[in-house]
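As structure tokens, the structure follows; a few thoughts come after it.
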Amino acid sequence: MDHWDEVRMFLAVAEGGTVRAAADTLAVNHATIIRGIGRLEKKLKTKLFDKLPSGYRLTDAGTDIVELAGQMSTASSQIEAKIFGRDQSVSGPLRLTLPVSFATDLLMPTLVEFRAAYPDIALEIIGSVSVINLGNREADVALRVVVGDGTPPDNLYGTRLCEFHTGFYVHRNLLTAHSTPAAWLLGTNEVVPSDWHPEGGIRMTTTPIRFAEMRSQFEAARAGMGITVLPCFLGDADPMLARVPGSPVTRAGDIWLLTHGDARQTKRVRLLCDHIRTAMQGFAGRMTGRIESGECELL
């Protein structure tokens, strides 16, 4: 078909349910999506969507072709990945996805060094813990925590870098017998621990406070609101925080550096992976909680 751009727009609306979601996915404006759908419907001489107050719903004709459109998208991504894998230049786009805290509190100096060494590589840093489709080139390199004893998907090329541990942290001022009572600062699905109790004079409130994302929990703990779970590399590095006396340090999983099978042959992907791998090897003690605030890590 000679209307691939329009097919991509059709598929994005079908998957996102709204024109706005499709526009965000494809990084184009709202009107471009509407015009593209109109051109495709004119080309096929059929209506593909019913427009409802809640969004766009596929018609029977749209439902008939959505699977084929998905196959076209997969084939297009595979073609791009094959060509990308043959690219041995040290210039051009390169997308890295990693958790926000890894970028802001751990690896930013490493990424600065990489940028200085290879200024013609247009690095895009995607701070996220959501699932990224490396096969569809949504990113070229991913740094991820794989929970528990799990392993990455079989279609990805992965290197296990180190373990990832978490601990319980509190503002140092709350480590006194006459301090303000502390609250449990919990994420959406976290529960108050039942197998241990804070020591060191910490008094707890009965009502926890919940947060939608970790950065807010971190800042709340730094402000003296209460006790929260943090990655050891983050909590140990902050001079305002201390590990809660009597609390455990827990292995949450392993950190993996991931690429797609084709993308890993690209020179700039290999260069970035080498930089990240070397840096993370030096951070292994911090990631497992073996090095606390004020200690030095030997590289």
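Numbering (our numbering), first residue to last: 22 to 320.
In this text, a Cβ means the ideal position worked out from N, Cα and C, and glycines have one as well.
Check: Identify which residue in R116, P130, S112 and A35 has its Cα closest to the Cα of I86.; Outcome: A35
Check: According to DSSP, is V111 part of a helix, a strand, or is it coil?; Outcome: coil
Check: Do L196 and T249 count as a contact pair if the criterion is CB distance below 8 Å?; Outcome: no
Check: Per the DSSP calculation, T280 is bridged to which residue(s)?; Outcome: V162 and Y178
Check: Who are the Cβ neighbours of F304 in its own chain at under 8 Å, not counting the five residues just before and after it?; Outcome: L127, C183, F254 and E318
Check: Tell me, to the nearest whole angstrom, how far the beta carbon of L32 is from that of G91; I am working on the premise that it is less than 8 Å.; Outcome: 6 Å
Check: Alpha carbon to alpha carbon, how far is S122 from L144? Give it in angstroms, no decimals.; Outcome: 18 Å
Check: I need the DSSP call for A90, collapsed to helix, strand or coil.; Outcome: helix
Check: Is the stretch 223-239 touching the stretch 161-173 in the sense that three or more CB pairs, one from each, lie closer than 8 Å?; Outcome: no
Check: Hey, how far is the Cα of H296 from the Cα of N176?; Outcome: 23 Å
Check: With C-beta atoms as the reference, is E211 less than 8 Å away from G267?; Outcome: no
Check: Tell me which residues share the same chain as V265 and place their Cβ nearer than 6 Å to its Cβ, disregarding the 5 neighbours each side in the sequence.; Outcome: F189, V191, P219 and I248
Check: May I have a chain-ordered list of the alpha helix (DSSP H) segments no shorter than 4 residues that lie completely inside the stretch 200-261?; Outcome: 235-243 and 253-256
Check: How many Å lie between M225 and M93 at the Cα?; Outcome: 57 Å
Check: Label G256 either buried or exposed according to how many other C-beta atoms from any shown protein chain fall within 10 Å of its C-beta, with 16 as the threshold for buried.; Outcome: buried
Check: According to DSSP, which residues form a beta bridge with T118?; Outcome: I147 and A163
Check: Check the C-beta distance from T187 over to T271 and give it rounded, since I have them as a contact under 8 Å.; Outcome: 5 Å
Check: Note down the Cα distance separating D26 from R289, rounded to an integer number of angstroms.; Outcome: 28 Å
Check: Tell me where the beta strand (DSSP E) around L73 begins and ends.; Outcome: F70 to L73
Check: Name the residue from P174, R78, M246 and M261 whose alpha carbon lies nearest to the alpha carbon of L279.; Outcome: P174
Check: Tell me the DSSP secondary structure of G76 in three-state form.; Outcome: strand
Check: Please check the pair A273 and F185, which I expect to be a contact at CB under 8 Å, by giving their CB distance rounded to whole angstroms.; Outcome: 5 Å
Check: From R136 to I58, what does the alpha carbon distance come to, in whole angstroms?; Outcome: 39 Å
Check: Taking only the alpha-carbon atoms, compute the straight-line gap between I147 and L115 and give it to the nearest angstrom.; Outcome: 11 Å
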